[in-house]
Amino acid sequence: MTRPAVPGQEHAVPAACPTFSIVVPLYNEEEVIEQFHARLVPVMERLGAAWEVIYVNDGSRDRSLAILERLRAADPRIGIVNLSRNFGKEIALTAGLDHARGEAVVVTDVDLQDPPEVIPELVAGWREGYDVVFAQRRVREGETIVKRKTAELFYQLMQHLGGRVRIPPNTGDFRLMSRRSVDALLQLREHHRFMKGLFAWIGFPSKAVLYDRAPRAAGTTKWNYWKLWNLALEGITSFTVMPLKIATYLGLAVSVFALGFGGVIVVRTLVFGNPVPGYPSVMAVMLFLGGVQLMTLGVIGEYLGRVFNEVKGRPLYLVERFVPPEPMAAKREP
Ligand code: UDP
Ligand code: MG
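Under the numbering used here, the first residue of the sequence shown carries the number 463, and numbering increases by one thereafter.
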C-alpha cells in the first residue's frame, strides 16, 4: 500500500509503507536521544515487522540535530523532520504524524518517561482491533504532590466541561493509533492544539494500557507551572464555551440582585428619608462590578485571541529539512 507523498516530497518515489511508525518530538534533548534510540531498536526488532522512527527536531538549540544526523547515518530507519524553529510539542507532534506512513503510529516522548518496552503491549491492543491504544499512568512518580493534585483537579474540571468528549485521566500523548485514526486526527488543523482533547475528540474504539511513568532519564522538563496553567486554559477554551456562559449568567445574577437592591433603597428612602450614608457600600459594589466586568472582558479576550490566531490561516509549522526514512519493505536492488 502506498500513501500520498508528504508536502515538499512530492517528487520522491512512493515507498512501501512500514507497519509501524514511531513519532518522537524533541527539543533540546541531546542527553537522551542516543539512549532512547538504543532502547527503542531492540523493542521494535522483536515485533518482527517493518518500522520507521520519525524524529521531529523542534528547533533545538543544542546538538540534538547533529546527534540525529549521526544516528541516521548508521540507521536508515530513522526519518528526521527538522522544523524551522521551535513550534512547541503539540505542533512538533503533528508534523511527525504528517510525515509518518505506518499502518500503526506510536507517539512517544524522547526522555524515556514513556518506556519503549510498553510499545509491544500497545501493539497487542492494536492487533486485537482497537484503533487507539493509550498508555495510562499507574502512578505519577518523580512529581511533586502539588503537580499531582493540580493535574487531578484539571481532569475533574475537564470531565465536567467536556460534555460528550471524555478525556481519559492520567493519559499523556504516549499512545498507538491506527492509520484511520491518525488520518482523522490530521484533519483537525487548528492552531491551538490541545492534544489530549483532540485525541479524545476523534473517538474510535480505544483501550487503555496501564504503565509506570518513569522520571526523566536525563535533561530537564520544559514545563513549569505558568506553562501548565496556560495548558489548562488552552484545554478549557478550545473545548468549551462554558466560561462565556458563566459570564452571561454572572451578569444576569448581578443585575437581578441590583434590581432588587435598588427597590429596597427606593422604598427605604421613601419611608425613612435620606440620611446619606453608604459611601462604603457604593465603593464595594463599584469595585466588585468593575472586577467582574474586567474579568468577563478577559474571558471574551481569551476566545477572541484564539479566533484571531485561527483566522490568520497560517500553516501549522514550516519544515527546514526532511530526511525521509529509507523504505524498509521494498529493498532497493543494485
Ligand atoms: N518537546 C518539544 N517541543 C517543545 C517542548 C518539548 O518537542 O517545545 C518535547 C520534548 O523534547 C519531549 C516531549 O516534548 O520529547 C515532552 O517534553 P517534556 O519531557 O519536557 O514534558 P513532560 O514529560 O514533563 O510533560
Ligand atoms: Mg517528559
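Glycine included, every Cβ here is placed at the ideal spot set by N, Cα and C.
Computed from a predicted structure; not experimentally measured.
Alpha carbon to alpha carbon, what distance is there between residue j and residue i?
| i | j | result |
| --- | --- | --- |
| P631 | I553 | 22 angstroms |
| A662 | V627 | 6 angstroms |
| V595 | V568 | 9 angstroms |
| T699 | L690 | 14 angstroms |
| S717 | V703 | 22 angstroms |
| P466 | A478 | Because P466 sits at a pLDDT of 48, beneath the cut-off of 50, its placement in the model cannot be relied upon, and the point is left open. |
| K609 | A511 | 39 angstroms |
| I629 | M657 | 10 angstroms |
| V572 | V485 | 10 angstroms |
| A500 | R547 | 27 angstroms |
| F802 | E696 | The structure shown has nothing for residue 802, since the chain only spans 463 to 796. |
| G760 | G713 | 14 angstroms |
| P705 | G541 | 42 angstroms |
| I581 | I516 | 15 angstroms |
| H473 | M506 | Low confidence applies to H473: its pLDDT is 47, below 50, so where it sits in the model is not reliable, and the reading given next is rough at best. Spanning the two alpha carbons is a distance of roughly 29 angstroms. |
| V494 | E764 | 36 angstroms |
| K707 | L530 | 48 angstroms |
| P667 | L721 | 52 angstroms |
| A715 | S743 | 18 angstroms |
| G550 | E492 | 17 angstroms |
Just checking residue i against the ligand MG - is the residue's beta carbon closer than 7 angstroms to any of the ligand's heavy atoms?
| i | result |
| --- | --- |
| V633 | Sequence inspection shows Thr at residue 633; the Val mentioned does not correspond to that position. Every heavy atom of the ligand MG is 7 angstroms or more from the Cβ of T633, so no. |
What residue does the beta strand (DSSP E) around residue i start on, and which one ends it?
| i | result |
| --- | --- |
| K669 | S668 to R675 |
| P487 | F482 to L488 |
Using a Cβ-based criterion (distance less than 7 angstroms to any ligand heavy atom), does residue i qualify as near the ligand UDP?
| i | result |
| --- | --- |
| W685 | yes |
| L488 | yes |
| G510 | no |
| D645 | no |
| K551 | yes |
| A676 | no |
For the alpha helix (DSSP H) containing residue i, list its first residue and its last residue.
| i | result |
| --- | --- |
| V608 | I607 to L623 |
| P582 | I581 to E590 |
| F770 | Y741 to V773 |
| F656 | F656 -> no alpha helix (DSSP H), and no H or E assigned at all. |
**Study point:** Whole beta strand (DSSP E) elements within the region 504 to 563, 3-residue minimum
**Key:** 513 to 519 and 540 to 545
Point to revise | Every unbroken beta strand (DSSP E) inside the region 628 to 652 [3 residues or more] | key: 633 to 640
Check your understanding: Could you name the residues, in chain order, whose CB is less than 6 angstroms away from a heavy atom belonging to the ligand MG?
Key -> D571, D573, Q575, R678 and T683
Review point. Which parts of the region 683 to 739 are runs of the alpha helix (DSSP H), unbroken and 4 residues or longer, counting only runs that do not cross its ends?
Key: 687 to 701 and 704 to 734
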